[in-house]
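Each remark here refers to the structure printed beneath this line.
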Amino acid sequence: MLYAILCYNDEDTVFAWSKEQEDATMARLIAVQEPLRQAGKLGPVARLMPTTAATTLRKGKDEPIVIDGPFAETKEQLLGFYVVDFETLDEAIGFSKELAAANPGVGSYEIRPLYVFRPGAAAT
1 MLYAILCYND
11 EDTVFAWSKE
21 QEDATMARLI
31 AVQEPLRQAG
41 KLGPVARLMP
51 TTAATTLRKG
61 KDEPIVIDGP
71 FAETKEQLLG
81 FYVVDFETLD
91 EAIGFSKELA
101 AANPGVGSYE
111 IRPLYVFRPG
121 AAAT
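The numbering of the sequence shown is our numbering, which starts it at 1 and goes up by one.
Encoded structure:
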């Protein structure tokens, strides 16, 4: 089963890290990711740019409108995600705990099974 691990944190804190803090955090995260990469279970990993770079298309009864920024104000922002292939939810939780230990400060990880659509194929 493919899982999306969505990483939330305070972007003002994360984007204020020094180069040394960023490099140390990324080294710890890569160490957590490496066994999954070697096993062929790690899919795309991405860090999102800050919400100040976001554009939202908002749907309503009328024509959709495009606005700057995120859809909602929150204390934590979606900063990135992992796509991983695990047999069980417990494995996904274990990986998320390792990510949490490698990341300084507070934050959260949302774990969601993925329903993948491929044109012309059955959804998985």
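For glycine and all other residues, C-beta sits at the position ideal for the given N, C-alpha and C.
Asked, Found
"For residue 12, which of 92, 105, 65 and 120 has the nearest alpha-carbon?", "105"
"Tell whether a beta-carbon distance below 7 Å holds between residue 90 and residue 2.", "no"
"Run through the DSSP bridge pairs and tell me what residue 110 is partnered with.", "6"
"Quick one: Cα of residue 22 to Cα of residue 52, how far?", "20 Å"
"Counting only runs that start and end within the segment 18 to 54, where is the alpha helix (DSSP H) found for 4 or more residues in a row?", "19 to 38"
"Should residue 121 and residue 28 be called a contact, given that it needs their Cβ atoms to be closer than 7 Å?", "no"
"Taking buried to mean at least 16 other C-beta atoms within 10 Å of its own C-beta, is residue 14 buried or exposed?", "buried"
"So residue 120 is in the beta strand (DSSP E); what residue range does that whole segment cover?", "Where residue 120 is concerned, there is no enclosing beta strand (DSSP E), given that its DSSP letter is neither H nor E."
"In terms of residue numbering, what span does the alpha helix (DSSP H) encompassing residue 95 cover?", "89 to 102"
"When burial is assigned at 16 or more other CB atoms within 10 Å of the CB, is residue 77 buried or exposed?", "buried"
"Output needed for residue 107: all residues of its chain with C-beta closer than 6 Å, excluding positions within five of it in sequence on either side, in chain order.", "8 and 9"
"So which of 94, 114 and 81 has the shortest CA-CA distance to residue 46?", "81"
"Measure the C-alpha to C-alpha separation of residue 49 and residue 79 and round it to an integer number of angstroms.", "7 Å"
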